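Chemist: Right, I'll just put the structure down here and ask away after.
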Amino acid sequence: MDLKGSNSSSSIKKRELPFLVLYAAAFYAFIIHRSLQLSRDHYTKLLGLRPGWLTPQCLNDASDAQWRNLRGNLPVLTIVFTIFTSIAQLSRAYFHLKARGMSIVWLLISFTYLSYLHGACIIFILSIASVNFLLVKIFARTKYFSFVFWSFNIFFLLCNRIYEGYSFSSFGEHWAFLDNFRGTFRWQICFNFVVLRMVSFGYDYHWAHQDSRFDHEKHIQRCNICRAGKTCYQVLQERGVQSDNFSFITYLSYLAYAPLYLAGPILSFNAFASQLDIPQNNYSVRDTTWYGLRWVFSLLLMELMTHLFYYNAFAISGMWKQLYPVDVFIIGYGVLNFMWLKFFLIWRYFRFWSLICGIEVPENMPKCVNNCYNLESFWKNWHASYNKWLVRYLYIPLGGSQRKLLNVWVVFTFVAIWHDLEWKLLSWAWLTCLFFIPEIIFKSAASAFQAKTALGEFIVREFSAAAGAVTITCLMVANLVGFVIGPSGISWLVSQFLSREGLPVLAGMLLTFYVGTKLMFHIRDAKQSTH
0 MDLKGSNSSS SIKKRELPFL VLYAAAFYAF IIHRSLQLSR DHYTKLLGLR
50 PGWLTPQCLN DASDAQWRNL RGNLPVLTIV FTIFTSIAQL SRAYFHLKAR
100 GMSIVWLLIS FTYLSYLHGA CIIFILSIAS VNFLLVKIFA RTKYFSFVFW
150 SFNIFFLLCN RIYEGYSFSS FGEHWAFLDN FRGTFRWQIC FNFVVLRMVS
200 FGYDYHWAHQ DSRFDHEKHI QRCNICRAGK TCYQVLQERG VQSDNFSFIT
250 YLSYLAYAPL YLAGPILSFN AFASQLDIPQ NNYSVRDTTW YGLRWVFSLL
300 LMELMTHLFY YNAFAISGMW KQLYPVDVFI IGYGVLNFMW LKFFLIWRYF
350 RFWSLICGIE VPENMPKCVN NCYNLESFWK NWHASYNKWL VRYLYIPLGG
400 SQRKLLNVWV VFTFVAIWHD LEWKLLSWAW LTCLFFIPEI IFKSAASAFQ
450 AKTALGEFIV REFSAAAGAV TITCLMVANL VGFVIGPSGI SWLVSQFLSR
500 EGLPVLAGML LTFYVGTKLM FHIRDAKQST H
């Protein structure tokens, strides 16, 4: 592009920015006002509201079980993890422990933790994990490895849910007494994360016997962390560990590692074993402290949100069926933001403790949900560690980008089954795949077309913003189907937004997301100009 064209394009961007910001401010002012009004008018009909602490009359939306459990158990969890962290750090410092020694320390700590959580059901975890270890050691160097390995793990992923964690009485009446000691938390729920770790161990061991394709020198040239003399997570993951680290003790300590056991984030076996030997140095004490303080600030933001806006209570109470289309949009948008902040707080809490213990894991929510304008970007930044796991252990072995249109169906079907055996989750997964197809086609066309004039760049930018608006709308629909209305509510949702009242709302949604996408372009450009 010539200099004149570049200046013209830059001028257009500068002129539009104030209008975009004003529109966004007006949009959020309307959303906040209407959300407060909806919560105030309908609170008597909503489920899951409890007395709050903000004001004597204020209620708190405690309708989400995951958030309610974490919030209620925060003091106990914080005390427990303070004790665990102190034991691990003192043991490392006093006995000068490396990988094997720290494996034993974390194995003892973690199995104490699991014994409280799952009681006698720890037997099921140990049994399945032990058989998986044997299968890896037997088949890792054979051509049947992937088939045997995936069959075993998917079989138990499904059976654990179908049989609801099994009962000891089904193995004989003399074991029935153990059903009285099943702990405080259902083991089959946590085992979904254990399955991911078992797969990671298996493939990392399998690839350890093959030539690495990772170009370390090329990576250092484009990685700011590695250029600064530190070691980034990707290097920890791709760089193989010594063969003695693939021991049964290290394997079990990885599966049960206490700070990440309940909810993640997910890290590869290679990264875990490497940091047992040499603790992470990317986060100083000051960095980790600031990370914790930011988490406290985010917690206060969540408290403010659940005391003022009852988005999730509207969703689980079925009240959205009685609302106008514009209010359905507000509740859907609010639920998506509530879910993002909930998982942000859960995952950052456990990541914080893991950092203190010297194990760095990927950030699960590196980007705000309101700063993603395409599906690929959204899924790279929502449960990012799971995305990395899926890419490394499922998407690339299936053929990667060479079979992208086919692979997304396999990956998202697995994601749905991994979460739970529910039709609404499968509907969510397949809807997401359907929405992925036009995005993939549009991206291919956009990359093939190179704008050479200011007008060409303007047209591409406008089309991209319009595509972003459609994508965000599709994303909201997929998440509403998966987590609020279910597949049976699709026809109702379509009829509402294609009605006389709904069409102006749909047009307003698309315009709002178009403006939002253009603001995201400005944020992206500002970040690029600073690098």
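Oh and the sequence shown: position 233 is 232 in numbering that gives the first Met the number 0, straight run, nothing missing. Glycine is no exception: its CB is placed at the ideal position from the N, C-alpha and C atoms. This one's a predicted model, so the numbers in the text were calculated from it and none came from an experiment.
From L424, V459, L433, S426, pick the residue whose C-alpha is nearest to that of F403; which is it?
Modeler: Position 404 of the sequence shown, counted from the first residue, corresponds to residue 403. Note on identity: in this sequence residue 403 is Lys, with Phe being the wrong assignment. Restricting attention to L424, V459, L433, S426, the CA atom closest to the CA of K403 is found in L433.
Chemist: Among all the DSSP beta bridges, which residues are the ones paired with P50?
Modeler: For the purposes of this step, residue 50 is taken as the residue at position 51 of the sequence shown. Paired residue(s): L58.
Chemist: Flag this pair as yes or no: are the beta carbons of M197 and A255 separated by less than 8 Å?
Modeler: For the purposes of this step, residue 197 is taken as residue 198 along the sequence shown, with counting starting at 1. For the purposes of this step, residue 255 is taken as residue 256 along the sequence shown, with counting starting at 1. The answer is no: Cβ separation not under 8 Å.
Chemist: Let me confirm a value: S187 is counted as buried when at least 16 other C-beta atoms fall within 10 Å, else exposed. Which label applies?
Modeler: Along the sequence shown, one-based indexing puts residue 187 at 188. Looking at the sequence provided, one finds Gln at residue 187 rather than Ser. Buried, since its Cβ has 16 or more Cβ neighbours within 10 Å.
Chemist: Taking just the CA atoms, how far does A272 sit from Y232?
Modeler: Along the sequence shown, one-based indexing puts residue 232 at 233. Along the sequence shown, one-based indexing puts residue 272 at 273. The alpha-carbon separation between Y232 and A272 amounts to approximately 12 Å.
Chemist: Within the same chain, show all residues whose beta-carbon is closer than 7 Å to that of A262, passing over the 5 residues directly before and after it, in chain order.
Modeler: Your numbering for residue 262 matches position 263 in the sequence shown. Hits under 7 Å: I345, W346, F349.
Chemist: Spatial neighbours of V193 within its chain, please: CB distance less than 6 Å, with the 5 preceding and 5 following residues excluded, ordered by chain position.
Modeler: By 1-based counting over the sequence shown, the position of residue 193 is 194. The answer, listed in chain order, is L254.
Chemist: Let me confirm a value: Q236 is counted as buried when at least 16 other C-beta atoms fall within 10 Å, else exposed. Which label applies?
Modeler: For the purposes of this step, residue 236 is taken as residue 237 along the sequence shown, with counting starting at 1. Buried, by the Cβ-count rule.
Chemist: Would you grab the beta carbon distance between Y372 and G467 for me? Rounded to a whole angstrom, and I think it's under 8 Å.
Modeler: The residue given as residue 372 occupies position 373 in the sequence shown. The residue given as residue 467 occupies position 468 in the sequence shown. Confirmed, about 4 Å.
Chemist: Would K366 pass as a contact of N281 if the rule is Cβ separation under 8 Å?
Modeler: The count along the sequence shown starts at 1 and reaches residue 366 at position 367. The count along the sequence shown starts at 1 and reaches residue 281 at position 282. No; because the gap between Cβ atoms is not below 8 Å, this pair is not in contact.
Chemist: Excluding the 5 residues preceding and the 5 following L19 in the sequence, name in chain order all residues of the same chain whose CB lies nearer than 8 Å to its CB.
Modeler: Taking the sequence shown and counting its residues from 1, one reaches residue 19 at position 20. Same-chain partners within the cutoff: V514, K517, L518, H521.
Chemist: Relative to the C-alpha of S297, which residue among V240, Y323, M364, R140 is closest?
Modeler: Looking up residue 297 in the sequence shown gives position 298. Out of V240, Y323, M364, R140, M364 has the C-alpha closest to the C-alpha of S297.
Chemist: Alpha carbon to alpha carbon, what distance is there between T305 and N68?
Modeler: Stepping through the sequence shown from its first residue, residue 68 is reached at position 69. Stepping through the sequence shown from its first residue, residue 305 is reached at position 306. For N68 and T305, the distance between alpha carbons rounds to 15 Å.
Chemist: Classify V295 as buried or exposed, calling it buried when 16 or more other Cβ atoms lie within 10 Å of its own Cβ.
Modeler: Reading the sequence shown from its first residue, position 296 is the one you call residue 295. Counting Cβ neighbours within 10 Å, V295 comes out exposed, since fewer than 16 surround it.
Chemist: Are at least three pairs of beta-carbons, each pair with one atom in the segment 481 to 494 and one in the segment 407 to 426, less than 8 Å apart?
Modeler: Touching, per the Cβ criterion.
Chemist: Could you give the distance in angstroms between the alpha-carbon of M0 and the alpha-carbon of R460?
Modeler: Walking along the sequence shown from the start, residue 0 turns up at place 1. Walking along the sequence shown from the start, residue 460 turns up at place 461. The predicted position of M0 is uncertain, since its pLDDT is 46 and thus under 50; a value taken from the coordinates is nonetheless stated next. Spanning the alpha carbons of M0 and R460 requires a straight line of approximately 15 Å.
Chemist: Just the Cα atoms here: how many angstroms apart are L2 and S10?
Modeler: In the sequence shown, the residue the question calls residue 2 occupies position 3. In the sequence shown, the residue the question calls residue 10 occupies position 11. Because the pLDDT at L2 is just 48, under 50, the model does not fix this residue reliably, and the value given afterwards should be weighed accordingly. Approximately 12 Å between the Cα atoms of the pair.
Chemist: So, under 8 Å CB-CB, L46 and A312 are touching, yes? Tell me the CB distance rounded to an integer number of Å.
Modeler: Indexing the sequence shown from 1 puts residue 46 at position 47. Indexing the sequence shown from 1 puts residue 312 at position 313. That belief holds up - the Cβ atoms of L46 and A312 are roughly 6 Å apart, short of 8 Å.
Chemist: I'd like to know whether the C-beta atoms of K414 and L259 end up nearer to each other than 8 Å.
Modeler: If you number the sequence shown from 1, residue 414 lands on position 415. If you number the sequence shown from 1, residue 259 lands on position 260. Reading the sequence as shown, one finds Val at residue 414 and not Lys. Not in contact: V414 and L259 (Cβ atoms no closer than 8 Å).
Chemist: Looking only at C-alpha atoms, which of I248, R181, I440, W408 sits nearest to F123?
Modeler: Translated into the one-based positions of the sequence shown, residue 123 becomes position 124. For the residues I248, R181, I440, W408, the minimum Cα distance to F123 belongs to R181.
Chemist: Does any residue of chain D bring its CB to less than 8 Å from the CB of S9?
Modeler: Note that chain D does not occur in the displayed structure, where there is just one protein chain.
Chemist: Roughly how many angstroms lie between the CA atoms of A61 and V75, to the nearest whole one?
Modeler: Translated into positions along the sequence shown, residue 61 becomes position 62. Translated into positions along the sequence shown, residue 75 becomes position 76. Those two C-alpha atoms are separated by around 19 Å.
Chemist: Quick check: the Cα distance between F176 and T77, rounded to an integer number of angstroms?
Modeler: On the sequence shown, position 177 is the one that residue 176 refers to. On the sequence shown, position 78 is the one that residue 77 refers to. Near 33 Å, if we compare the C-alpha coordinates of T77 and F176.
Chemist: With a threshold of 8 Å, are at least 3 pairs of Cβ atoms found where one atom belongs to the segment 105 to 115 and the other to the segment 246 to 253?
Modeler: yes
Chemist: I need the straight-line Cα distance from L156 to T529, nearest angstrom please.
Modeler: Translated into the one-based positions of the sequence shown, residue 156 becomes position 157. Translated into the one-based positions of the sequence shown, residue 529 becomes position 530. Straight-line Cα distance between these residues: approximately 45 Å.
Chemist: Are the Cβ atoms of P324 and F512 separated by less than 8 Å?
Modeler: The residue given as residue 324 occupies position 325 in the sequence shown. The residue given as residue 512 occupies position 513 in the sequence shown. Not closer than 8 Å, so no.
Chemist: Kindly indicate the opening and closing residues of the alpha helix (DSSP H) around T111.
Modeler: The residue given as residue 111 occupies position 112 in the sequence shown. Segment 98 to 117, the alpha helix (DSSP H) holding T111.
Chemist: In whole angstroms, what separates the C-alpha of V147 from that of L134?
Modeler: Against the sequence shown, residue 147 aligns to sequence position 148. Against the sequence shown, residue 134 aligns to sequence position 135. Those two C-alpha atoms are separated by around 8 Å.
Chemist: Note down the Cα distance separating W339 from S376, rounded to an integer number of angstroms.
Modeler: One-based indexing of the sequence shown puts residue 339 at position 340. One-based indexing of the sequence shown puts residue 376 at position 377. Those two C-alpha atoms are separated by around 15 Å.
Chemist: Please determine, among R49, T54, C57, the residue with the shortest C-alpha to C-alpha distance to A64.
Modeler: Numbered from its first residue, the sequence shown carries residue 64 at position 65. Closest option to A64, Cα to Cα, is R49.
Chemist: Mark A525 as exposed unless 16 or more other C-beta atoms lie within 10 angstroms of its C-beta, in which case mark it buried.
Modeler: Here residue 525 refers to the residue found at position 526 when the sequence shown is read from its first residue. Around the Cβ of A525, a 10 Å sphere holds fewer than 16 other Cβ atoms; the residue is exposed.
Chemist: Assuming F83 contacts A207 under a Cβ cut-off of 8 Å, what Cβ separation, rounded to an integer in Å, is found between them?
Modeler: For the purposes of this step, residue 83 is taken as the residue at position 84 of the sequence shown. For the purposes of this step, residue 207 is taken as the residue at position 208 of the sequence shown. At roughly 30 Å, the Cβ-Cβ gap does not stay under 8 Å, so F83 and A207 are not in contact.
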